Amino acid sequence: MNQGSYCRNALPEPSPVEVLVEITIQDISDISAISGTFVIDFWISAIWLDSRLAFDHLDPCRKNLSLDHDMEPRLWSPNVCVVNSKLTKVHDSPKPNILLMIFPNGTVWLNYRVRSEAPCRMDLRTFPLDSIKCTLLLESYSYNSAEVSLRWLEWSPVSTVKNDYNLPDFKMSNMTYDTVTETYTAGLWHRLAVTIEFERLYGFYILQMYLPTYVSVFISWIAFWMDTRALPARITLSVSSLMALTFQFGNIVKSLPKASYVKAIDVWMFSCVGFIFFSLIELAIVAYNDKIADQRIRGAAGRSIAEISLRRTKGSELGAAIDKAASIAFPIAFGVFNMAYWLYYMSLSSRTKLSNSS
Numbered sequence: 279m280n281q282g283s284y285c286r287n288a289l290p291e292p293s294p295v296e297v298l299v300e301i302t303i304q305d306i307s308d309i310s311a312i313s314g315t316f317v318i319d320f321w322i323s324a325i326w327l328d329s330r331l332a333f334d335h336l337d338p339c340r341k342n343l344s345l346d347h348d349m350e351p352r353l354w355s356p357n358v359c360v361v362n363s364k365l366t367k368v369h370d371s372p373k374p375n376i377l378l379m380i381f382p383n384g385t386v387w388l389n390y391r392v393r394s395e396a397p398c399r400m401d402l403r404t405f406p407l408d409s410i411k412c413t414l415l416l417e418s419y420s421y422n423s424a425e426v427s428l429r430w431l432e433w434s435p436v437s438t439v440k441n442d443y444n445l446p447d448f449k450m451s452n453m454t455y456d457t458v459t460e461t462y463t464a465g466l467w468h469r470l471a472v473t474i475e476f477e478r479l480y481g482f483y484i485l486q487m488y489l490p491t492y493v494s495v496f497i498s499w500i501a502f503w504m505d506t507r508a509l510p511a512r513i514t515l516s517v518s519s520l521m522a523l524t525f526q527f528g529n530i531v532k533s534l535p536k537a538s539y540v541k542a543i544d545v546w547m548f549s550c551v552g553f554i555f556f557s558l559i560e561l562a563i564v565a566y567n568d569k570i571a572d573q574r575i576r577g578a579a580g581r582s583i584a585e586i587s588l589r590r591t592k593g594s595e596l597g598a599a600i601d602k603a604a605s606i607a608f609p610i611a612f613g614v615f616n617m618a619y620w621l622y623y624m625s626l627s628s629r630t631k632l633s634n635s636s
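So for the sequence shown, the numbering used here puts the first residue at 279; every next one is plus one.
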């Protein structure tokens, strides 16, 4: 290359310069629900023709030139970047991971290994049965569509080095790419988009959230089989279940971003709280019935022992009847709620995933 005749600020001819882009995903290391971002390591290649760099007339035997990263600033490049990232950097261990290759006809292949933190779009209405979409948007930062025509490579424009990236909470379910044109004040820009869809793995939430809440609700029902006069023990059971449920819900909420809409987990937790609360209401009704029965017995002073015993028996029988009815009604109602909850949110989750993939 003749340094005197080559100008890195001048666009190669013809204009617009066609730049082909290819991405290979190396690793996806983190998806944060709190910040709504994911961290991705990938190789990005930009390929274009710069006839000023052709050397086939000089050495027909040489197939290509592999140059050090120090040469990259001396050549014209389309300056392809991730425009929607919060942070992007080129790996530099032990030195910048930049591959620069020039072919005999002047074709330039520029490859970077980069790490990027980019945004994800989350809809938590079906959480934890939801899926999320994470997107990389690529543009030529310096040149509009009249100067640089940005295109995906025709064969395998977006690929991965492995099928599963072993994320603790997610698995990659789909990957798509697209080309759009964006309008800015300075003109039109070609934009390349890569969208990666992840399904949430809800096994953790089944073990850490759903099963403990089942246990809390079931424990609150034990009071229905206890003596109606064992008021302190019955209150302790129900209140302890309610406190445990509140603690579990607080731990889950801390790991989620704030949302103004109702999530599936909200419906579940508040419904479980409702079942425990109504068990406390049932306890209050039984306790009130016992209180009324005691007042009637005290008001029956001077009456026969048989009559007093009959009143005490009637009061106890009414409380026992209420407990028996509750011991049947509560499990049935909870079972119906479970069927409705899981059928609705599983079908809603399936419809959402189907619409996202279409």
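Positions of the beta carbon are idealized from the N, C-alpha and C atoms, including for glycine. Since the structure is predicted, the reported quantities are computational estimates derived from the model, not experimental observations.
Whole-number beta carbon distance between residue j and residue i, since they are thought to touch under 8 angstroms
| i | j | result |
| --- | --- | --- |
| residue 494 | residue 522 | 5 angstroms |
| residue 405 | residue 543 | 5 angstroms |
| residue 479 | residue 306 | About 14 angstroms separates the two Cβ atoms, so there is no contact after all. |
| residue 402 | residue 288 | 50 angstroms between Cβ atoms; not a contact. |
| residue 360 | residue 396 | 6 angstroms |
| residue 373 | residue 393 | 16 angstroms between Cβ atoms; not a contact. |
Pick from the options that is closest to residue i, judged by C-alpha positions
| i | options | result |
| --- | --- | --- |
| residue 417 | 531, 323, 625 and 545 | 323 |
| residue 399 | 619, 383, 535 and 365 | 535 |
| residue 340 | 423, 381 and 304 | 381 |
| residue 315 | 362, 370, 622 and 424 | 362 |
| residue 464 | 438, 484, 420 and 291 | 420 |
| residue 438 | 321, 286 and 618 | 321 |
| residue 409 | 447, 434, 373 and 423 | 447 |
| residue 611 | 496, 370 and 539 | 496 |
| residue 383 | 336, 414 and 375 | 336 |
| residue 490 | 509, 508, 366 and 520 | 520 |
| residue 415 | 620, 364 and 488 | 364 |
| residue 440 | 484, 304, 469 and 477 | 304 |
Close Cβ partners of residue i (< 7 angstroms) along its chain, the five nearest in sequence each way excluded
| i | result |
| --- | --- |
| residue 432 | none |
| residue 516 | 498, 501, 554, 557, 558 and 561 |
| residue 597 | 506, 564, 567 and 568 |
| residue 632 | none |
| residue 549 | 615 |
Neighbourhood of residue i by C-beta distance below 8 angstroms, restricted to the same chain and skipping five residues each side
| i | result |
| --- | --- |
| residue 588 | Confidence is the limiting factor: at residue 588 the pLDDT is only 48, short of 50, which leaves the residue's position unreliable, though a coordinate-based value still follows. Excluding residues within five positions, none has a Cβ falling inside 8 angstroms. |
| residue 346 | 378 |
| residue 442 | 449 and 450 |
Contact check, residue i vs residue j, beta carbons under 8 angstroms
| i | j | result |
| --- | --- | --- |
| residue 356 | residue 326 | yes |
| residue 429 | residue 461 | no |
| residue 330 | residue 284 | yes |
| residue 290 | residue 319 | no |
| residue 624 | residue 343 | no |
| residue 475 | residue 411 | yes |
| residue 527 | residue 547 | yes |
Straight-line gap, residue i to residue j (C-alpha atoms, nearest Å)
| i | j | result |
| --- | --- | --- |
| residue 450 | residue 511 | 49 angstroms |
| residue 567 | residue 603 | 15 angstroms |
| residue 627 | residue 529 | 24 angstroms |
| residue 606 | residue 302 | 59 angstroms |
| residue 466 | residue 425 | 10 angstroms |
| residue 622 | residue 545 | 12 angstroms |
| residue 455 | residue 294 | 23 angstroms |
| residue 376 | residue 385 | 17 angstroms |
| residue 533 | residue 488 | 16 angstroms |
| residue 600 | residue 452 | 54 angstroms |
| residue 434 | residue 470 | 14 angstroms |
| residue 593 | residue 552 | In this prediction, residue 593 scores a pLDDT of 49, lower than 50, which makes its location untrustworthy; the coordinate-derived value is nonetheless stated afterwards. Computed Cα separation, rounded: 27 angstroms. |
| residue 609 | residue 459 | 57 angstroms |
| residue 595 | residue 482 | 45 angstroms |
Sequence-distant residues of its chain with Cβ nearer than 6 angstroms to residue i (five each side left out)
| i | result |
| --- | --- |
| residue 296 | 427 |
| residue 436 | 301, 455 and 472 |
| residue 308 | 317 |
| residue 298 | 325, 429 and 431 |
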